[in-house]
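What follows is one structure encoded as structure tokens, with my remarks underneath.
Pasting the structure below:
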């Protein structure tokens, strides 16, 4: 999985308009870029995942409004 593929998979997690690929999402968990939470096992980026996305993920972070 290349860095561009990782960023695309992370954006799939945070952007509701994008379709999530479950295979890529599982790889993000193994790489430590995403984590499962809640009873449904939804995914969210870890700090490492947010840092990898950089400016592309900034609009999705709640602390930025």
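Residue numbers (my numbering): 1 to 65.
From the three backbone atoms N, C-alpha and C, an ideal C-beta is built for every residue, glycine too.
Close Cβ partners of residue 12 (< 8 Å) along its chain, the five nearest in sequence each way excluded: For the purposes of this step, residue 12 is identified with residue 12 of the chain shown, where counting begins at 1. These residues qualify, in order along the chain: 18, 19, 20, 21, 24 and 25.
Using a Cβ-Cβ cut-off of 7 Å (strictly less than) and excluding sequence neighbours within five positions of residue 7, which residues of its own chain qualify? If you number the chain shown from 1, residue 7 lands on position 7. Once the five neighbours on either side are set aside, the close Cβ partners of residue 7 are 52, 53 and 56.
Reducing DSSP to helix, strand and coil, say where residue 43 ends up. On the chain shown, position 43 is the one that residue 43 refers to. Three-state result, residue 43: strand.
Extent of the continuous beta strand (DSSP E) to which residue 6 belongs: Looking up residue 6 in the chain shown gives position 6. That residue, residue 6, is in no beta strand (DSSP E); its alpha helix (DSSP H) goes 3-14.
Do you know how far the Cα of residue 37 is from the Cα of residue 43? As a working note, residue 43 is residue 43 in the chain shown. As a working note, residue 37 is residue 37 in the chain shown. Rounded to whole angstroms, residue 43 to residue 37 spans 6 Å at the Cα level.
Buried or exposed, going by whether 16 or more other CB atoms sit within 10 Å of the CB of residue 34? Locating residue 34 in the chain shown gives position 34, counting from the first residue. Buried, since its Cβ has 16 or more Cβ neighbours within 10 Å.
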